[in-house]
Amino acid sequence: MDDELEDKIIYQTYLSHMKLMSKIAVGGLLPAGINGPLVYFWKLMRYYALRPEIVLCGAIIFIVIYYLQTVDTWSRSLINKFYYTVSKTNSKFAADYARDKLIPNINSKVIELKNIIAGKVTVPVVKPDELQENYKKSGEKKEDQWSMRRKSFKKTVSASHTDDCMENKTITDPELLGKLESLPRAITREVKPGLRSPKKILPVDITSYLELDTSNNNNSSNVNNTNSSDSKKKINYQKLLTDEVLAADHLLIDAAKKRLDVAGSTALIVILDDNKLIVANVGDSRGVMCDSKGNAIPLSFDHKPQQQRERQRINKAGGLVTFNGVWRVAGILATSRALGDYPLKDKMYVIADPDILTFDLDDHDPMFLILASDGLWDTFSNEEAVAFIKQRLDEPFYGAKSITLQSYYRGSLDNITVIIINFKDRKSSIFEQKKSI
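Under the working numbering, the first residue of the sequence shown carries the number 244, and numbering increases by one thereafter.
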């Protein structure tokens with residue numbers, strides 16, 4: 244009996260002690276009006292929020308949110324980097340621009356040069372110095388017109404002399420001038436008017452694309468030397484195609500920047516001049532010739548970042564070639580040369596200089612040519628494409644539609660453009676000409 248009474252006393256003493264300590268711990272120092280709500284809130288937290296399963300779920304949610312936030316912070320620059328390339332992977336604008344501007348310009352230049360060679364058009368000889376002087380004078384006239392318009396606009400907008408005073412003032416602080424010289428672009432037109440001015444395409448004398456036809460001179464070696472001044476001329480397609488491609492790329496970049504279109508396009512240009520075949524290539528489109536024996540002869544070579552020549556050029560420009568599914572320039576572009584793609588053009592990571600090859604058709608006697616984008620060559624080798632087309636030359640489009648569909652069925656993920664040039668008609672026309680002679 245005494246033991247039970249003693250236990251009850253100890254238990255009651257323990258309860259009283261715990262109640263007293265809880266009051267001191269929770270809100271002993273707070274007024275009585277605030278102590279009650281805090282105790283009630285603590286009870287709710289203890290019974291509902293601090294249960295083990297609630298704590299575990301909360302910890303998992305916190306870890307997931309923290310992980311997502313970390314990934315977002317890490318990949319934000321990457322997402323911004325690829326924003327336009329992911330959302331605007333279509334290179335239709337660049338391809339259409341090259342088709343509508345580059346090809347007609349080349350065609351008109353070739354026709355004009357052919358007329359000059361044939362004597363149908365007389366072109367006055369203009370010295371390069373005079374050509375540049377005329378260009379500078381025309382540029383100065385345009386600048387004078389713009390300056391007059393600016394001055395008249397300032398007079399109509401405000402009668403104050405603040406702008407005129409600012410124009411007359413110059414900066415003499417050497418430290419400030421040094422900082423302004425190091426800036427990549429001008430802050431104001433008055434402070435630094437000439438920085439980062441757009442490059443201008445200088446006009447080229449059309450006769451500079453003509454050169455003496457040495458092969459014609461060799462064939463006529465038995466003729467009197469008095470006719471050497473009247474030697475036949477030929478078109479320098481190497482210079483013509485290079486200038487036209489670079490000029491078109493310059494204009495394309497200006498137009499693409501206004502549209503914020505970062506996509507680009509490859510270019511594969513083929514010119515047939517008598518028995519000469521001239522092929523200019525920019526990018527990874529490819530041309531293949533099938534000769535009279537059925538052999539596949541490449542007409543161009545793909546511009547890929549993993550090639551030693553291209554890799555050295557990119558590294559020398561300060562760029563980097565990385566592997567992302569395929570080898571890419573700066574981890575973005577899978578070709579090292581292209582029209583457009585202006586984000587990689589500023590530092591010359593990607594260029595538009597074409598590789599130009601010339602073939603003598605009398606040596607190869609071709610059956611047909613295959614001109615196609617890389618979408619076809621991802622699934623066909625040169626030999627496979629030649630064998631496929633050889634069996635389908637009687638089809639519409641000379642088998643171009645069939646090989647395009649076959650490449651798609653094989654799983655090509657890139658755009659597929661195919662042109663087949665059949666030389667059967669050329670052989671028959673040459674035979675008729677010889678027969679008539």
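Glycine included, every Cβ here is placed at the ideal spot set by N, Cα and C.
With a Cβ-Cβ cutoff of 8 Å, do residue i and residue j count as a contact?
i	j	result
ASP659	LEU619	The sequence as given places Ile at residue 659; Asp does not occur at that position. Yes, these two residues count as a Cβ contact at 8 Å.
ASP456	LYS482	no
ILE663	PHE640	yes
ALA539	VAL531	yes
LEU484	ILE359	no
LEU604	LEU542	no
ARG580	ALA595	yes
ALA337	LEU495	yes
LEU356	ILE478	yes
GLY507	SER334	yes
LYS633	GLY537	yes
VAL513	PRO597	no
ASP621	SER645	no
ILE599	TYR480	yes
Excluding five sequence neighbours on each side, which residues of the same chain lie with their C-beta closer than 6 Å to the C-beta of residue i?
i	result
SER528	THR509, LEU511 and SER616
ALA499	GLY583 and TYR585
LEU345	ALA491
ALA577	VAL569 and ARG571
ASN558	none
LEU648	none
Around the Cβ of residue i, are there at least 16 other Cβ atoms within 10 angstroms (buried) or fewer (exposed)?
i	result
SER403	Annotation note: pLDDT 42 at SER403 (below 50); position unreliable, coordinate value reported separately. Result: exposed.
PRO609	buried
THR601	exposed
CYS300	exposed
THR256	exposed
GLU487	buried
SER624	exposed
TYR290	exposed
ASP246	exposed
TYR309	exposed
HIS260	exposed
VAL652	Rather than Val, the amino acid found at residue 652 in this sequence is Tyr. That one is exposed.
LYS547	buried
GLU626	exposed
GLU553	buried
TYR254	exposed
ASP517	exposed
ALA361	exposed
GLU298	Per the sequence presented here, residue 298 reads as Val, with Glu not at that position. Classification of VAL298: exposed, given that the 10 Å Cβ count is below 16.
Where do the ends of the beta strand (DSSP E) carrying residue i lie?
i	result
LYS476	476-478
PRO541	539-541
ARG529	529-533
ALA577	ALA577 -> no beta strand (DSSP E), and no H or E assigned at all.
ASN567	564-567
ASN558	Counting along the chain, ASN558 falls outside any beta strand (DSSP E), though it belongs to the alpha helix (DSSP H) covering 551-559.
ILE613	611-615
ILE663	661-665
Grab the span of the alpha helix (DSSP H) containing residue i for me, first residue to last.
i	result
VAL353	346-361
ASN625	625-633
GLU454	First-last for GLU454: 453-455, but that is the beta strand (DSSP E), not the alpha helix (DSSP H).
ILE646	643-652
PHE544	First-last for PHE544: undefined, no H or E at that position.
LYS588	Per DSSP, LYS588 belongs to no alpha helix (DSSP H) and is neither H nor E.
ASP657	From DSSP, ASP657 is part of no alpha helix (DSSP H); its letter is neither H nor E.
ASP339	335-340
For residue i, write down the residues that DSSP places opposite it in a beta bridge.
i	result
LYS208	Not covered by the structure: residue 208. The range shown for the chain is 244 to 680.
ALA510	VAL525
GLY583	GLY507
ASP637	According to DSSP, which records beta bridges pairwise, ASP637 is partnered with nothing at all.
PRO594	Before going further, note that residue 594 is Ile rather than Pro in the sequence given. Partner(s): ARG580.
TRP570	PHE566
Leaving out five residues on either side along the sequence, give the residues of the same chain with a beta carbon under 7 Å from the beta carbon of residue i.
i	result
ALA643	VAL661, ILE662 and ILE663
LEU636	PHE611, GLY642 and ASN665
THR399	Low confidence applies here, because THR399 scores a pLDDT of 47, under 50, leaving its location unreliable and the question unanswered by this model.
LYS588	ILE496
ALA292	none
VAL447	ASP486
LYS251	none
Once you ignore the five residues that flank residue i on each side, which residues in its own chain have a CB closer than 8 Å to its CB?
i	result
ASP534	ILE540, HIS607, ASP608, PRO609 and MET610
THR565	ARG571, ALA573 and GLY574
ALA341	ALA491, LEU495, SER508, ALA510 and LEU582
ILE449	LYS352, GLU355, LEU356, ILE359 and VAL366
ASP657	SER616, ASP617, GLY618 and ASP621
With respect to 7 Å, is the separation between the Cβ of residue i and the closest non-hydrogen atom of the ligand FMN below this value?
i	result
SER543	This structure does not include the ligand FMN; it has no bound ligands of any sort.
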